[in-house]
Every structure is written in structure tokens, then in C-alpha cells.
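**Q**
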Amino acid sequence: MNLSFNLADEADTLALGKALAAQIQPPLVIHLHGDLGAGKTTLTRGLIQSLGHTGAVKSPTYALVEPYELNGMQVYHFDLYRLNDPEELEFMGIRDYFSDTTLALVEWPSKGEGLLPEADLTIELAYQGEGRLATLTGISAAGLHLLAQLQSE
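Under the numbering used here, the first residue of the sequence shown carries the number 919, and numbering increases by one thereafter.
#1: I'd like the span of the beta strand (DSSP E) that includes Leu998, first residue to last.
#2: From Thr1020 to Lys1029, what distance separates their C-alpha atoms?
#3: With DSSP as the reference, label Ser968 as helix, strand or coil.
#4: Locate the beta strand (DSSP E) running through Leu1023, then write down its first and last residues.
#5: Can you give the Cα-Cα distance for Thr972 and Thr959, rounded to whole angstroms?
#6: What residue from Gln1067, Leu1023, Ala1066 and Leu1062 has the CA that sits closest to Pro978's CA?
#7: What whole-angstrom Cβ distance do Leu998 and Glu1025 have, given they're in contact under 8 Å?
#8: Give a yes or no on contact between the segment 1043 to 1051 and the segment 1059 to 1068, applying the rule of three or more CB pairs nearer than 8 Å.
#9: Can you give the beta carbon distance from Gly1011 to Leu1039, rounded, assuming they're within the 8 Å contact cut?
#10: So, Leu988 versus Leu969, is the Cβ gap smaller than 9 Å?
#11: What runs of the alpha helix (DSSP H), each 4 residues or longer, lie entirely inside the segment 925 to 993?
Quick look at the structure:
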């Protein structure tokens, strides 16, 4: 199942993050795809702030992961853009980040292929004129359920 959203600007991207946050039930793994500047971090910021985080949400490009404790769930924002070898994830204990209370948001997941859990939901952000097109694809039962909830809103 796919859902697509035309995002005219940053406000629309943040609003999509907020709509997703309202439907999140961990455990959930979301893979975010798109070119540099396509809005992956903006969407993540909208989601994380809608879950209750009041500070800045920055891309963890150098640290690889930024953790948040929100509403009884562990939220991990991964940015694997600078990952040189997926084996680096083993050294950081990647398996320890995923549990029944985890929401994982992974930018550039192809860089960690083979070591990351499969996505429940993928989000592809593509340039569309001045705006973006967000295509959400449910992969697992949890991802499909989230999309069904989002569609019924």
C-alpha cells in the first residue's frame, strides 16, 4: 500500500511528520529516502517534535544517531550519510538500538544494508518543482496499519 502527499513547503513537510506521529506505535522502523536537501530531516523534526521533544532536532550526520526518550518510547534518529562501511554499525552496537519500545528513523538506510532491520514503512521524498512529493510505502503489517490509519484521517 502506498500513499502520496504533495508537500508545497516546509510547513507541509512538518505537518506530515505531525500526522505520522499521531499514528506511531512502536516498535517501528522507518527508512527515509531522498536526495540531499529533499526534506528527510525536516520530516523527522516534525515527527519528533510532535511526539513531545521541545528542543532542536538536528541531523546526526557525524554522530550517526541522536537518541530521544519520548512518551515511554525510545526514538532513534539515524543519519548514515557519512557511513563508509556498514560494519561500522556493528562497532556502535546497532542491534542494541532496536526493542519493543523503539521508533527508529533512518536516513540513508542503503548505507547500512544488511545490518539494519527491515523497514516497516519507507518514505521517499522527491523534488517536485519548488515542493516535494512524499511517497509512503507500508512494508510490514505495522507499516500497513499506520498507513491505513493515516488514510482514514
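Glycine is no exception: its CB is placed at the ideal position from the N, C-alpha and C atoms. What you are looking at is a predicted structure, and each value in this text was computed from that prediction instead of being measured.
**A** Short version:
#1: Here Leu998 belongs to no beta strand (DSSP E), and DSSP marks it neither H nor E.
#2: Inter-residue distance for Thr1020 and Lys1029 is about 21 Å (C-alpha atoms, whole angstroms).
#3: Judged by DSSP in its simplified three-state form, Ser968 adopts helix.
#4: That run of the beta strand (DSSP E) goes Thr1020 to Glu1025.
#5: In this model, Thr972 and Thr959 are separated by some 16 Å (Cα to Cα).
#6: Of the listed residues, the one whose Cα sits closest to Pro978 is Leu1023.
#7: Between Leu998 and Glu1025 the beta-carbon gap is near 7 Å, inside 8 Å, which marks them as a contact.
#8: Verdict: no, contact absent.
#9: In this structure Gly1011 is not in contact with Leu1039, their Cβ atoms being roughly 24 Å apart against a cut-off of 8 Å.
#10: Yes, the pair counts as a contact, with Cβ atoms nearer than the cut-off.
#11: Counting whole runs of 4 or more residues, the segment 925 to 993 contains the alpha helix (DSSP H) stretches 928 to 939 and 958 to 968.
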